[in-house]
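Colleague: Handing you a structure now.
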Amino acid sequence: MTFIFSLLTLYLIYSSNLLKYQFLLIASNFLNITDWNSGAIVQTGVAPMNFTDFRAHQILLDLCKAYAQQKLSGDLCNRLCYYKKWNILDIYQGNKIVITIKDGGQEVVLKSQHSNINEFEHLDPRVNESLFFDAILGVVNYNLRLGWPSHYKHHLIETLWPMYVRKGRSSLSEADRRSLWALLSQDEYITFRVLPLTRVTPKIIGTCGHFYQVETLVPFHMKGYYMNLKAKILLHLMGTLKLFDEFLNEPLQWCDIKFDNLGLAADYPKRFMVMDADMLYTKSRLKAVLTNRMCQQDTDCHYFDCYAKCNNETGFCGDRTNSNL
């Protein structure tokens with residue numbers, strides 16, 4: 001034990017910050033080998049080959065531990081946590097966590113804004129179910145600005161949390177509430193769940209706690225040799241943008257327009273789908289975002305790829321001036 005701490009001291013003096021973090025993670029798991037998570041790694045028989053795999057395994061193990069303790073729920077949890085023999089293909093850690101695993105010969109893509117459910121705010125579990133449903137309706141109406149009335153809230157719950165229907169619309173458990181509230185803290189989850197009729201967003205396959213599994217898309221990367229197909233690519237893109245404008249009476253506005261955010265789905269091979277919807281808004285929601293921004297000049301009103309002009313009289317930005325096209 002003394003040798004380990006001596007080695008740790010020397011390593012922290014001479015190592016970079018990233019390597020320090022990796023070393024601390026590995027050392028802490030070595031020193032706490034009897035911990036549940038470490039034991040689970042041994043039980044699964046899966047030995048992470050690198051730090052990336054180790055990090056993804058740790059996130060999934062923490063998720064399954066919380067599920068076993070009935071702290072979270074979801075229709076994906078049982079299948080995800082039954083064997084814990086995950087074949088990690090990739091993990092992305094940027095504005096969200098995206099873990100790709102191989103399960104039964106198929107790719108499973110799991111997404112969440114945070115790695116642990118404790119990083120999300122949660123409502124007091126003593127709030128009665130009717131008020132909880134009202135809060136959900138308020139969150140969705142704020143996010144999408146579609147103005148759903150109060151009597152629509154039960155149908156909305158069925159859309160956001162399909163387990164509610166499968167369980168005969170019985171009362172949500174504390175784990176259900178905590179999981180659903182964490183999911184609703186993520187704009188992309190709301191967009192994917194509520195706006196499938198747009199046909200430009202991937203389907204959600206299932207959820208476990210704060211993680212949601214999305215339909216697998218083939219990422220589109222603009223390579224040089226694709227330029228010979230630019231006419232077909234433009235046709236695909238125009239089809240996608242046309243659907244943006246045709247959605248109900250609320251056209252969709254996209255503020256992160258780049259090919260890396262587009263993918264192709266098996267069900268819709270003739271148009272692109274939006275892989276990352278964090279910057280996809282209804283027109284009313286984007287207007288609220290822009291017109292609440294204070295400004296002194298027009299550049300202060302550039303919200304990623306969505307531009308507006310500064311109103312010098314009010315000191316606030318106006319509505320969007322450019323378009324998706």
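Each residue of the sequence shown is one higher than the last, beginning at 1 in UniProt numbering.
Note that beta-carbon positions come from the ideal geometry of N, C-alpha and C, so glycine has one too.
These figures come from a predicted structure and were not determined experimentally.
(1) Taking the Cβ atom as the reference point for each residue, do Leu72 and Ala135 lie within a distance shorter than 9 angstroms?
(2) Can the beta-carbon of Trp254 be found less than 9 angstroms from the beta-carbon of Asn143?
(3) Between Met163 and Leu264, what straight-line distance do the alpha-carbon atoms span, to the nearest angstrom?
(4) What's the C-alpha gap between His302 and Met294?
(5) Does Tyr82 pass the burial test, meaning 16 or more other C-beta atoms within 10 Å, or should it be called exposed?
(6) Output the boundary residues of the beta strand (DSSP E) element that contains Ala56.
(7) Rounding to the nearest angstrom, what Cα-Cα distance links Trp148 and Asn50 in this structure?
(8) Is Phe220 helix, strand or coil when you go by DSSP?
(9) Suppose the cutoff is 6 angstroms on Cβ atoms and the five residues either side in sequence are ignored; what does the same chain contact list for Trp181 look like?
(10) Considering Cα atoms alone, identify which of Pro251, Asn312, Arg271, Tyr67 is closest to Lys287.
(11) Report the three-state DSSP secondary structure of Val127 (helix, strand or coil).
(12) Go ahead and pull the three-state DSSP assignment for Val289.
(13) Starting from the Cα of Ser170, find the closest Cα among Asp276, Phe259, Ser130 and give me that residue.
(14) Please report the straight-line C-alpha distance between residue 358 and Leu160, rounded to a whole angstrom.
(15) Taking only the alpha-carbon atoms, compute the straight-line gap between Asn128 and Asp298 and give it to the nearest angstrom.
(16) Out of curiosity, what's the CA-to-CA distance linking Leu24 and Val98?
(17) Using only the alpha-carbon positions, how far apart do Ala68 and Lys96 sit?
(18) Is the distance from the Cβ of Ser185 to the Cβ of Thr207 below 9 angstroms?
(19) Taking C-alpha atoms, which residue in Phe259, Phe120, Leu146, Glu119 lies nearest to Thr282?
(20) May I ask you to report which of helix, strand or coil DSSP gives Phe304?
(21) Can you look up Tyr82 in the DSSP assignment and give me helix, strand or coil?
(22) Measuring straight from C-alpha to C-alpha, what distance separates His210 and Cys64?
(23) Hey, out of Lys111, Arg271, Ile257, whose CA is closest to Glu215's CA?
(24) Quick test of your reading: Leu290 and Ala308, contact by CB under 8 angstroms. State the CB separation rounded to the nearest angstrom.
(25) Measure the alpha-carbon distance for Asn312 versus Arg285 and round it to whole angstroms.
(26) If you draw a straight line from the alpha carbon of Cys317 to that of Asn292, how long is it in whole angstroms?
(27) Span of the beta strand (DSSP E) holding Lys111?
(28) Could you compute how far the alpha carbon of Asn32 sits from the alpha carbon of Phe133?
(29) Given a threshold of 16 other Cβ atoms within 10 Å of its Cβ, counted over all protein chains shown, does Glu119 qualify as buried or as exposed?
(30) How many Å lie between Asp53 and Ala66 at the Cα?
(31) Please report how far the alpha carbon of Leu61 lies from the alpha carbon of Ile88, in whole angstroms.
(32) With DSSP as the reference, identify every bridge partner of Trp254, one or two as the case may be.
Modeller: Answer, in terms of the structure:
(1) In the sequence shown, counting from the first residue as 1, residue 72 sits at position 72. In the sequence shown, counting from the first residue as 1, residue 135 sits at position 135. Judged by beta-carbon spacing, Ala135 lies beyond the 9 angstroms limit of Leu72, meaning their Cβ atoms are not closer than that value.
(2) One-based indexing of the sequence shown puts residue 254 at position 254. One-based indexing of the sequence shown puts residue 143 at position 143. No, Cβ-Cβ distance for Trp254 and Asn143 is not below 9 angstroms.
(3) Within the sequence shown, numbered from 1, the residue matching residue 163 stands at position 163. Within the sequence shown, numbered from 1, the residue matching residue 264 stands at position 264. C-alpha separation (whole angstroms): 28 angstroms.
(4) The residue given as residue 302 occupies position 302 in the sequence shown. The residue given as residue 294 occupies position 294 in the sequence shown. C-alpha separation (whole angstroms): 11 angstroms.
(5) Counting from one through the sequence shown, the residue named residue 82 turns up at place 82. So Tyr82 ends up on the exposed side.
(6) Working through the sequence shown from its first residue, we reach residue 56 at position 56. It is not in any beta strand (DSSP E) - Ala56 instead sits in the alpha helix (DSSP H) that spans 51–68.
(7) Position 148 of the sequence shown, counted from the start, is the residue given in the question as residue 148. Position 50 of the sequence shown, counted from the start, is the residue given in the question as residue 50. CA-to-CA, the gap between Trp148 and Asn50 works out to about 48 angstroms.
(8) Numbered from 1 along the sequence shown, position 220 holds the residue referred to as residue 220. Three-state DSSP puts Phe220 in coil, outside helix and strand.
(9) If you number the sequence shown from 1, residue 181 lands on position 181. Excluding five sequence positions before and after Trp181, the CB atoms of its chain that fall closer than 6 angstroms to its own CB belong to His122, Leu123, given in chain order.
(10) For the purposes of this step, residue 287 is identified with residue 287 of the sequence shown, where counting begins at 1. The shortest C-alpha separation from Lys287 is found at Pro251.
(11) In the sequence shown, residue 127 corresponds to position 127, counting from 1. In the structure shown, Val127 sits in coil (DSSP, three-state: anything other than H, G, I, E or B).
(12) Taking the first residue of the sequence shown as position 1, residue 289 is located at position 289. When DSSP states are grouped into helix, strand and coil, Val289 belongs to the helix group.
(13) On the sequence shown, residue 170 is found 170 positions in, with the first residue counted as 1. Residue Ser130 holds the alpha-carbon nearest to the alpha-carbon of Ser170 among Asp276, Phe259, Ser130.
(14) Since the first and last residues shown for the chain are 1 and 325, residue 358 lies out of range.
(15) Along the sequence shown, read from residue 1 onward, the residue named residue 128 stands at position 128. Along the sequence shown, read from residue 1 onward, the residue named residue 298 stands at position 298. One C-alpha to the other measures close to 46 angstroms.
(16) Numbered from its first residue, the sequence shown carries residue 24 at position 24. Numbered from its first residue, the sequence shown carries residue 98 at position 98. Note on Leu24: pLDDT 41, under 50, position unreliable in the model; the coordinate value appears next. Annotation: Leu24 to Val98 spans about 23 angstroms, alpha carbon to alpha carbon.
(17) The sequence position of residue 68 within the sequence shown is 68, counting from 1. The sequence position of residue 96 within the sequence shown is 96, counting from 1. Per the coordinates, the alpha-carbon of Ala68 lies some 24 angstroms from the alpha-carbon of Lys96.
(18) Within the sequence shown, the letter at position 185 stands for residue 185. Within the sequence shown, the letter at position 207 stands for residue 207. No, the Cβ-Cβ distance between Ser185 and Thr207 is not below 9 angstroms.
(19) As a first step, residue 282 is located in the sequence shown; it is residue number 282 there, counting from the start. Residue Leu146 is the option with its Cα nearest to Thr282.
(20) The residue labelled residue 304 in the question sits at position 304 within the sequence shown. Coil.
(21) Taking the first residue of the sequence shown as 1, we reach residue 82 at position 82. The answer is coil: DSSP assigns Tyr82 none of H, G, I, E or B.
(22) Taking the sequence shown and counting its residues from 1, one reaches residue 210 at position 210. Taking the sequence shown and counting its residues from 1, one reaches residue 64 at position 64. Spanning the alpha carbons of His210 and Cys64 requires a straight line of approximately 12 angstroms.
(23) Counted from its first residue, the sequence shown places residue 215 at position 215. Checked all of Lys111, Arg271, Ile257; the closest Cα to Glu215 is Lys111.
(24) For the purposes of this step, residue 290 is taken as the residue at position 290 of the sequence shown. For the purposes of this step, residue 308 is taken as the residue at position 308 of the sequence shown. Contact flag correct, Cβ pair sits at about 5 angstroms.
(25) For the purposes of this step, residue 312 is identified with residue 312 of the sequence shown, where counting begins at 1. For the purposes of this step, residue 285 is identified with residue 285 of the sequence shown, where counting begins at 1. When rounded, the separation of the alpha-carbon atoms in Asn312 and Arg285 is 23 angstroms.
(26) As a working note, residue 317 is residue 317 in the sequence shown. As a working note, residue 292 is residue 292 in the sequence shown. Taking the CA atoms as reference points, Cys317 sits about 7 angstroms from Asn292.
(27) Residue 111 sits at position 111 when you count from the first residue of the sequence shown. Per DSSP, the unbroken beta strand (DSSP E) holding Lys111 starts and ends at 106–112.
(28) If you number the sequence shown from 1, residue 32 lands on position 32. If you number the sequence shown from 1, residue 133 lands on position 133. Per-residue confidence for Asn32 stands at a pLDDT of 40, beneath the threshold of 50, marking its modelled position as unreliable; the derived number appears in the next sentence. Here the alpha carbon of Asn32 sits roughly 42 angstroms from the alpha carbon of Phe133.
(29) What you label residue 119 is simply residue 119 of the sequence shown in a count that begins at 1. It is exposed - the Cβ of Glu119 has fewer than 16 other Cβ atoms within 10 Å.
(30) Taking the first residue of the sequence shown as position 1, residue 53 is located at position 53. Taking the first residue of the sequence shown as position 1, residue 66 is located at position 66. A straight line joining the alpha-carbon of Asp53 with that of Ala66 spans about 20 angstroms.
(31) Locating residue 61 in the sequence shown gives position 61, counting from the first residue. Locating residue 88 in the sequence shown gives position 88, counting from the first residue. Distance between the alpha carbons of Leu61 and Ile88 is about 13 angstroms.
(32) Numbered from 1 along the sequence shown, position 254 holds the residue referred to as residue 254. Trp254 is bridged to Leu280.
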